[in-house]
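Colleague: As they're listed, the protein sequences go chains A and B.
If you're matching positions, the first sequence starts at 1 in the working numbering and goes up one per residue.
If you're matching positions, the second sequence starts at 441 in the working numbering and goes up one per residue.
Protein chains: 2
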Amino acid sequence: MTTNRYLADIAVTCDQDFSVISNAAIDVTQGRISFIGPQSEAPPCDGPVHHLGGLIMPGLVNSHAHTPMTLVRGAGDGLPLLDWLTQVMWPREGEMTPEDVLWGMRLGASEMLRAGVTSTCEMYLFEESVVEASTDAGIRLVMTPGIISALHADDFGSTESRIAAIVAFHQHYHDPEQRVTVGFGPHSAYDLPLELCGEIAAAARDLDALLHIHVCETQDEGIELESAHEGRSTVQLLAEHGVLDGRVLAAHSVWLDDADIETYAQHEVSVAHCPVSNMKLASGVARVPAMRSRGIEVGLATDGPASNDDLDLWQEIKFAPLLARVSTLDASAMRPQDALRMATVEGSRAIGNFDVGSLERGQRADFIRINLDDPTFVPVTCSDELIAHLAWSGSGRHVTDVWVGGEQVVADRQCLKVDVKQAMAEVQSRGVRLAEKSGT
Amino acid sequence: MTTNRYLADIAVTCDQDFSVISNAAIDVTQGRISFIGPQSEAPPCDGPVHHLGGLIMPGLVNSHAHTPMTLVRGAGDGLPLLDWLTQVMWPREGEMTPEDVLWGMRLGASEMLRAGVTSTCEMYLFEESVVEASTDAGIRLVMTPGIISALHADDFGSTESRIAAIVAFHQHYHDPEQRVTVGFGPHSAYDLPLELCGEIAAAARDLDALLHIHVCETQDEGIELESAHEGRSTVQLLAEHGVLDGRVLAAHSVWLDDADIETYAQHEVSVAHCPVSNMKLASGVARVPAMRSRGIEVGLATDGPASNDDLDLWQEIKFAPLLARVSTLDASAMRPQDALRMATVEGSRAIGNFDVGSLERGQRADFIRINLDDPTFVPVTCSDELIAHLAWSGSGRHVTDVWVGGEQVVADRQCLKVDVKQAMAEVQSRGVRLAEKSGT
Chain A
1 MTTNRYLADI AVTCDQDFSV ISNAAIDVTQ GRISFIGPQS EAPPCDGPVH HLGGLIMPGL
61 VNSHAHTPMT LVRGAGDGLP LLDWLTQVMW PREGEMTPED VLWGMRLGAS EMLRAGVTST
121 CEMYLFEESV VEASTDAGIR LVMTPGIISA LHADDFGSTE SRIAAIVAFH QHYHDPEQRV
181 TVGFGPHSAY DLPLELCGEI AAAARDLDAL LHIHVCETQD EGIELESAHE GRSTVQLLAE
241 HGVLDGRVLA AHSVWLDDAD IETYAQHEVS VAHCPVSNMK LASGVARVPA MRSRGIEVGL
301 ATDGPASNDD LDLWQEIKFA PLLARVSTLD ASAMRPQDAL RMATVEGSRA IGNFDVGSLE
361 RGQRADFIRI NLDDPTFVPV TCSDELIAHL AWSGSGRHVT DVWVGGEQVV ADRQCLKVDV
421 KQAMAEVQSR GVRLAEKSGT
Chain B
441 MTTNRYLADI AVTCDQDFSV ISNAAIDVTQ GRISFIGPQS EAPPCDGPVH HLGGLIMPGL
501 VNSHAHTPMT LVRGAGDGLP LLDWLTQVMW PREGEMTPED VLWGMRLGAS EMLRAGVTST
561 CEMYLFEESV VEASTDAGIR LVMTPGIISA LHADDFGSTE SRIAAIVAFH QHYHDPEQRV
621 TVGFGPHSAY DLPLELCGEI AAAARDLDAL LHIHVCETQD EGIELESAHE GRSTVQLLAE
681 HGVLDGRVLA AHSVWLDDAD IETYAQHEVS VAHCPVSNMK LASGVARVPA MRSRGIEVGL
741 ATDGPASNDD LDLWQEIKFA PLLARVSTLD ASAMRPQDAL RMATVEGSRA IGNFDVGSLE
801 RGQRADFIRI NLDDPTFVPV TCSDELIAHL AWSGSGRHVT DVWVGGEQVV ADRQCLKVDV
861 KQAMAEVQSR GVRLAEKSGT
């Protein structure tokens, strides 16, 4: 049982106290952290010692993504959300094959890993392809196979058989030791009947699995549903149908009122906050400070690469606080520490992984190295300033090395397990085919 | 008279029609563009031919910055604007020497050039240091020496002698051929008497020089002034005192009403829009689409690195449209093309440089090369998608080479004219000294 020791100039643990350790040592044994602390307090180690220098911190967690949409990145820019979905995205996605999804996910996983994202929570179709590509690349995956009203019966059969297929998929693929956990991905209450959402939630509860659903992304999406139910809010309707009773991750959650936030808190619903996507698609501003002050766990997320269009989660670390600040006209509305916690430990808990996201003994060894030798990190006159630099100026370009479960998957800025050139060529030719076949 | 020819896979000209040229050639003669077009249409060339590949476009223009504030980057995060200025920024800045400013500017200029920013419009004190550092680094500079109420009499004498000193500074340093133009930088109408602003504006008009002033950055800053003048708006008061009669660049301009925008349009005032700074300091959302639809020229700007904290203007290219979209809940409020124009040709005009910012015959040869061989630029199924990728995913890390006035100043991601390591070490030690001496 070999222990690997990694030495860094500084470790940002993202633990409860947001501890920052100078001259840090981190020991990794069987994929988990067996020691983290100052080098001077480290126990004897007879395994390999790696002198990393720089800064180490937990890998980032992307709490809501449709990563295979790399295949349709940049298409239909500037349309309102529903037009963008119905006129461009869904026609192109309707042409996708499992092989397309495999390559789209492979490219996206490489982009995320290169940027220091070590976990991603995916909602998409062709879930076997997503698992295969993620496993190849080495990223930790929460896979919630999508359930949408417009499922192609040829590929997926009825909605009932789709639920049964996801249960079987869970039996086959759910294995945290292999970096894969499985949940359910019903699209939304405006796309699926409430009763069906309730059935899916019950199936998820039976497996203690995550239910991952879009909620209140845009202001208008719930109008029809809510007026059909005497004006009760979408969140209220979801609660009434038992959809919020298990482990629930509600993506976006932009248009919540105080009562909705209270309902989330009581049901321990988590939120995936997508500030860049919400800005680009003009969806609105989620009330993140209000949610977090009520104890709701909020992760950060890129959403799909077609609504961002970058999978570098460092942009969300910067723009979640910036959006909270400008929308409240309060520069203290969210601090750099909050953003870094949401992007790591809080996001990991939000997607159901409680042993990932912080540098603490016993946690899985998902961590990244940051090169501090960069003008944007200068000067540092106190440790608060280093954290500020990390949040405001940190980006994928500063990430040099990445480990997932103790395995190194990025070294010196190169993905070790994906042929990125090949993935780029495949996504280019497949993206052109999707545009041509769909006539968009 | 040698002509250098540069060949690229694609050129984004940022000209009036936003022309995109495949297999492009750009000829540079005596620092200006003597040909731009398809390689098949290029005239004979007996000078050196450089096979760049990739994408070429105009260098970016930072239309409002206080770049030597690299020395105080990251300090005092989370405070409201006025507290942040009075409790942290001004005490630290009060300790700065000309030598500090030289090093702060040198580091910041290197960061900008590395990110593809070829022009910057600076408002700061110790203007000789700013010119020296900019000239050393090779960046094009519009220097508007700052005039603030709290000038140290020891360093700067009276306000009147400060104006005379700037006139003399203009005589000595203003030389577009040497990449330096000079204007005046009165801080704001809330910091300086309106009559004095009018005098400074008259001095600027005498020299046909730019007047660069902060206007309506925060909601509260004008309350005292406006209530002392029967509720007339700050913009109205500036107009009444002749401050808007010459060539005027109004930074921020967040809190304008329709009448203020009309006043800007009538006086041909330009605006420097700082979306990231305005978000970070919780200042508010400038009404950029409304201004531009009224014909006002708007540049993009980082503001000082202490309120951003990154000098990579690509973030403004992404977040200017995103902020416009989310604040209007309209995904068509601003397009990628608009952002790229504001960051180049429109920004250059806003700061008074009319022969910079687009790839057109006769313009000064400030251009950059982008490496398109990156996953975030895949796929491209039409040229609109390439422009979308550039705006949404482009960043300093994609910039490989930079030319200013035909001189190459960045090659293969390295600044050719700044010792960046030395600048980092100097800013680190000087930043610590400023924190210690000011007790902040």
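Quick reminder that beta carbons are idealized off the backbone N, C-alpha and C, glycines included.
In terms of alpha-carbon separation, which member of B:L565, B:I757, B:P819 lies closest to S503 of chain B?
Modeller: B:I757
Colleague: Mind listing which residues of the segment 155-179 of chain A have their C-beta closer than 9 angstroms to chain B's C-betas, in chain order?
Modeller: none
Colleague: Output, in chain order, the set of chain B residues within a Cβ distance shorter than 8 angstroms of E111 of chain A.
Modeller: P815, T816
Colleague: Give the interface partners of Q39 of chain A over in chain B, defined as CB-CB distance under 8 angstroms, in chain order.
Modeller: By Cβ distance, chain B contributes nothing, its closest Cβ being about 23 angstroms from Q39 of chain A, past 8 angstroms.
Colleague: Roughly how many whole angstroms lie between the Cα atoms of E876 of chain B and L244 of chain A?
Modeller: Computed Cα separation, rounded: 53 angstroms.
Colleague: What is the C-beta distance between E346 of chain A and I33 of chain A, in whole angstroms, given that I count them as a contact (C-beta under 8 angstroms)?
Modeller: In fact, because the Cβ distance is near 18 angstroms, the residues do not count as touching under 8 angstroms.
Colleague: Taking only beta carbons into account, state which residues of the segment 379-407 of chain A come closer than 9 angstroms to chain B, listed in chain order.
Modeller: P379, V380, T381, C382, D384, E385, L386, I387, A388, H389, A391, W392, S393, S395, G396, R397
Colleague: Can you tell me whether DSSP reads I351 of chain A as helix, strand or coil?
Modeller: coil
Colleague: Given a cut-off of 9 angstroms on the beta-carbon distance, is the pair V276 of chain A and T302 of chain A in contact?
Modeller: In terms of Cβ geometry, V276 of chain A and T302 of chain A form a close pair [threshold 9 angstroms].
Colleague: Strictly by DSSP, which residues pair up with M497 of chain B?
Modeller: B:I808
Colleague: Could you tell me the alpha carbon to alpha carbon distance between D770 of chain B and S283 of chain A, rounded to whole angstroms?
Modeller: 8 angstroms
Colleague: For L495 of chain B, I'd like the list of residues in its chain whose CB is within less than 6 angstroms of its CB, leaving aside the five on either flank, ordered along the chain.
Modeller: Apart from the 5 residues on each side of it in sequence, L495 of chain B sits with its Cβ closer than 6 angstroms to the Cβ of I450, I810, L812 in its chain, given in chain order.
Colleague: Against chain B, with Cβ distances strictly below 9 angstroms, would A411 of chain A count as a contact?
Modeller: no
Colleague: Label P626 of chain B either buried or exposed according to how many other C-beta atoms from any shown protein chain fall within 10 Å of its C-beta, with 16 as the threshold for buried.
Modeller: buried
Colleague: For chain A, find out if any of its Cβ atoms is closer than 9 angstroms to the Cβ of A805 of chain B; answer yes or no.
Modeller: no
Colleague: Would DSSP call A297 of chain A helix, strand or coil?
Modeller: A small correction: the amino acid at residue 297 of chain A is Glu; Ala does not occupy that position in the sequence shown. Residue state, collapsed to three classes: coil.
Colleague: Hey, does L55 of chain A have any beta-carbon neighbour from chain B nearer than 9 angstroms?
Modeller: no
Colleague: So G439 of chain A contacts chain B; which residues on that side make the cut at Cβ distance below 7 angstroms?
Modeller: Within chain B, no C-beta atom comes less than 7 angstroms from the C-beta of G439 of chain A; the nearest is roughly 12 angstroms away.
Colleague: Indicate whether K720 of chain B and D749 of chain B have their beta-carbon atoms separated by less than 9 angstroms.
Modeller: Taking C-beta atoms as the reference points, K720 of chain B and D749 of chain B count as a pair closer than 9 angstroms.
Colleague: E219 of chain A touches chain B at which residues, Cβ-Cβ below 8 angstroms?
Modeller: Going by the sequence as given, residue 219 of chain A is Gln instead of Glu. Correct list: L769.
Colleague: Just curious, the beta strand (DSSP E) that F475 of chain B is in, first and last residue?
Modeller: 472-478
Colleague: Identify which residue in B:G518, B:L511, B:L547 has its Cα closest to the Cα of A863 of chain B.
Modeller: B:L547
Colleague: Just grab the DSSP bridge partners of Q408 of chain A for me.
Modeller: The bridge partners DSSP lists for Q408 of chain A are A:W403.
Colleague: Let me confirm a value: A324 of chain A is counted as buried when at least 16 other C-beta atoms fall within 10 Å, else exposed. Which label applies?
Modeller: buried
Colleague: Mark F354 of chain A as exposed unless 16 or more other C-beta atoms lie within 10 angstroms of its C-beta, in which case mark it buried.
Modeller: exposed
Colleague: Just to confirm my understanding: we take Q470 of chain B, look at its own chain, exclude 5 residues before and 5 after, and list those with CB closer than 7 angstroms. What are they?
Modeller: M441
Colleague: Take G488 of chain A and list the residues in its own chain whose beta-carbon comes closer than 6 angstroms to its own, dropping the five residues that flank it on each side.
Modeller: This structure cannot settle anything about residue 488 of chain A, because the visible part of chain A is limited to 1 through 440.
Colleague: Cβ of E884 of chain B less than 9 angstroms from any chain A Cβ?
Modeller: Nothing can be reported for residue 884 of chain B: it is not among the residues displayed for chain B, which extend from 441 to 880.
Colleague: Relative to the C-alpha of D467 of chain B, which residue among B:Y704, B:E567, B:L447 is closest?
Modeller: Nearest C-alpha to D467 of chain B: B:L447.
Colleague: Can you tell me whether D660 of chain B is buried or exposed? The criterion is at least 16 other CB atoms within 10 Å of its CB, across all chains shown.
Modeller: exposed
Colleague: With a threshold of 16 other CB atoms inside 10 Å of the CB of T86 of chain A, please say whether the residue is buried or exposed.
Modeller: exposed
Colleague: So the candidates are B:D852, B:T584, B:G518; which of them puts its Cα closest to the Cα of V326 of chain A?
Modeller: The option with the nearest alpha carbon to V326 of chain A is B:G518.
Colleague: In whole angstroms, what separates the C-alpha of I653 of chain B from that of A690 of chain B?
Modeller: 5 angstroms
Colleague: Quick one, which of A:S438, A:R292, A:W90, A:I368 has its alpha-carbon nearest V402 of chain A's?
Modeller: A:I368
Colleague: My output table needs one value for Q219 of chain A: the three-state DSSP class, helix, strand or coil.
Modeller: Assigned with DSSP and collapsed to three states, Q219 of chain A falls in coil, not helix or strand.
Colleague: Go to C197 of chain A, then tell me how far its alpha helix (DSSP H) extends in each direction, as first and last residue.
Modeller: 194-206
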